[in-house]
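**Q** Have a look at this one before I ask anything.
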Amino acid sequence: MIAKTYGGALVGIEALTIRVETSIEPGVNFMLVGLPDSAVKESHYRIATALAHCGYKVPVRRIVINMAPADLRKEGSAYDLTLAIGILAASGQLGIDSQLQVSRYMMMGELSLDGRLQPIKGALPLALEARRKGFDGFILPVQNAAEAVMVEGLHVYGVESLGQVAGFFQGKQSLEEFSFGGQVAQVDRVEEEPDFSEVKGQSFCKRALEITAAGGHNILLIGPPGSGKTMLAKRLASILPPLTLEESLETTKIYSVAGKLVSNQRLIRNRPFRDPHHTISYAALVGGGTYPQPGEISLAHNGVLFLDELPEFSRSTLEVLRQPLEDRKISICRAKMRVEYPAGFMLVASMNPCPCGYYNSPNVPCTCKPSAIAKYLGKISGPLMDRMDLQVQVHPVPYQDLASDVRAESSLQIRERVIRARQRQLERFAGTSLFCNASMQPRHIRQYCHFEEAAEDLLKTAMSHYGLSARTYHRILKVARTVADLDDSNEIRGTHMAEAIQYRCLDKSNWDQP
């Protein structure tokens, strides 16, 4: 007798349906085929103990289980429930009609020895696949139900134990269907989030970060220790626009696959802010491993990746960022598979201008030799530096600003301007794959960046005087377009272009002069 049950496998942040065929024949053996990994092969012991604890048994027969498609590797312990129900159905312990009934549902869950279900990774993409394939419902651990229920048009059943699922197919009990509460549009803000009103002075840097948030740009902050680079960067999250529903779903899928969603969390509603330490490995930053997992650049998708003390990161780790910064995705190739993860993040980096940190400081003399300064700055390659839309020099805050009682502009006020600028961009790019100015390609720049003659003269002079590259030319135009959006202007004026050019401090030969 053959029973068919269905689960799913994760490939990147997408899911594919896995058909589990269970056959019970005369003999005494257990065979599991279809490229299962060690965790799947070990499921036999968990299933046997869980079934016995729930009042069922593993038949003392020859059990052959095929997981199709056979050329796709099956990983993890989430197939326990699928395999267990297949054994019960094939052995007739669920009733005569159970073979047909179990094939109408997708089931995933890890079994404890007492039959209780443990949470799984990737519930959201698995639920999307279940809806796409037209299953009657998706049965999974109750801890993942709130996540899966975000997929409209799919019946989601959160269960606590194997016994509940078996009783459901026997007709002895019903399963509670989880319902969608319609709370997606709400935007959660973290209480006591760092606010720009706490920052004294630094109006130039605040303006640069406002432009960064409004256009989705990359930014580099360079200055001496204690000037406020890290403090400013960590407040960027407080002025970012809320995630759209599409962005929220995509971000949640990544965290779901990585197993980083908290229990009963439905959607990630705030833009991610990831700040890995400079000792992070190559694989942890970009993703990978024996069985590829999303890295920090994918966990920062639709949000911010903050790299503090940029030159302290290994050069090989930094150089791998160049392709994702352009393509907004990362492809990870292994001998047996190739997966692709989204990586549409805003890169925010900070660094000192020299090893001691006080090169060009008005207060503390620098103790570094010129060769040491050149070597330190040389840790950041030209192509990577070229990809920073804004390069801003951060100066120490003068005493009068630190001692001032005047309260600075709050993050909420800045955020309102950022949201208006983003709305202009969404209207401009309607019908395209673009969602912010930073994602424009050269063809889009020609179409959307119209500037007056004075702005063109300024840009022509800057290109000639500073010897800027073609990539820098396009970066300046993107930033100028964002400045114009913040000014509610359809045309890029001379003042907009001038402001965009001044945020390229490292392109100027005299950037390090007082």
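Counting from 1, one number per residue, gives the positions in the sequence shown under the numbering used here. Idealized CB from N, CA, C, for every residue including glycine. Bear in mind that the values here come from a model prediction, so they are computed numbers and not experimental data.
(1) Would residue 339 and residue 292 be called neighbours here (beta carbons separated by less than 8 angstroms)?
(2) Using the Cα positions of residue 11 and residue 320, report the straight-line distance between them to the nearest angstrom.
(3) Can you give the beta carbon distance from residue 476 to residue 500, rounded, assuming they're within the 8 angstroms contact cut?
(4) Is it right to say residue 478 is buried, meaning 16 or more other beta carbons lie within 10 angstroms of its own, or is it exposed?
(5) Exposed or buried, which one is residue 46 when buried takes at least 16 other CB atoms within 10 Å?
(6) Quick one: what does DSSP say residue 274 is sitting in, helix, strand or coil?
(7) Do you know how far the Cα of residue 44 is from the Cα of residue 165?
(8) For residue 110, does the three-state DSSP call read helix, strand or coil?
(9) The beta strand (DSSP E) with residue 169 in it runs from where to where?
(10) By Cβ distance below 8 angstroms, which residues in the same chain neighbour residue 215 in space, the five residues on each side in sequence not counted?
(11) Cβ of residue 150 within 8 angstroms of Cβ of residue 126?
(12) Can you list, in chain order, the residues of its chain with a C-beta nearer than 6 angstroms to that of residue 75? Leave out the 5 residues immediately preceding and following it.
(13) Measure from the alpha carbon of residue 135 to the alpha carbon of each residue in 105, 111, 110, then state which is nearest.
(14) Using the rule of at least 16 other Cβ atoms within 10 Å of the residue's Cβ for burial, across every protein chain shown, is residue 316 buried or exposed?
(15) Between the segment 154 to 173 and the segment 78 to 95, are three or more C-beta pairs nearer than 8 angstroms?
(16) Alpha carbon to alpha carbon, how far is residue 391 from residue 505? Give it in angstroms, no decimals.
(17) Which of helix, strand or coil does DSSP assign to residue 70?
(18) Out of 242, 443, 279, 277, which one is the CA nearest neighbour of residue 268?
(19) Please state the DSSP three-state secondary structure of residue 311.
(20) Could you check what DSSP says for residue 224 in three-state terms: helix, strand or coil?
(21) According to DSSP, is residue 5 helix, strand or coil?
(22) Just to confirm before moving on: does the CB-CB distance between residue 417 and residue 197 stay below 8 angstroms?
(23) Taking the CB atoms as reference points, tell me whether residue 259 and residue 332 lie closer together than 8 angstroms.
(24) Considering only the alpha carbon of each residue, which of 175, 120, 217, 115 lies closest to residue 302?
(25) Please report how far the alpha carbon of residue 114 lies from the alpha carbon of residue 131, in whole angstroms.
(26) Going by DSSP, what residue range makes up the beta strand (DSSP E) through residue 333?
(27) Between residue 79 and residue 33, what straight-line distance do the alpha-carbon atoms span, to the nearest angstrom?
(28) Look up residue 28 in the DSSP assignment and say whether it is helix, strand or coil.
(29) Tell me which residue opens and which closes the alpha helix (DSSP H) that residue 126 is part of.
(30) Since residue 465 contacts residue 227 with CB under 8 angstroms, what's their CB separation in whole angstroms?
(31) Would you mind working out which of 328, 310, 378, 342 sits nearest residue 351, comparing C-alpha positions?
(32) On the CB-based measure, 16 or more other CB atoms within 10 Å of its CB, does residue 57 come out buried or exposed?
(33) With distances taken from CA atoms, which of 98, 326, 348 is nearest residue 233?
(34) Report the residue from 3, 490, 455, 403 whose alpha carbon sits nearest the alpha carbon of residue 97.
(35) From residue 314 to residue 100, what distance separates their C-alpha atoms?
(36) Considering just the uninterrupted stretch of the alpha helix (DSSP H) at residue 282, what are its terminal residues?
**A** To lay it out plainly:
(1) yes
(2) 22 angstroms
(3) 5 angstroms
(4) buried
(5) buried
(6) strand
(7) 18 angstroms
(8) strand
(9) Taken as a continuous stretch (DSSP letters only), residue 169 belongs to no beta strand (DSSP E), being part of the alpha helix (DSSP H) at 162 to 170.
(10) 389, 421, 425, 436, 437, 438, 478, 479, 481, 482, 485
(11) no
(12) 37, 291
(13) 105
(14) exposed
(15) yes
(16) 6 angstroms
(17) coil
(18) 242
(19) helix
(20) coil
(21) strand
(22) no
(23) no
(24) 217
(25) 31 angstroms
(26) 329 to 333
(27) 13 angstroms
(28) coil
(29) 123 to 133
(30) Not quite, the Cβ-Cβ distance comes to about 27 angstroms (not below 8 angstroms), so this is no contact.
(31) 310
(32) exposed
(33) 348
(34) 3
(35) 56 angstroms
(36) 282 to 286
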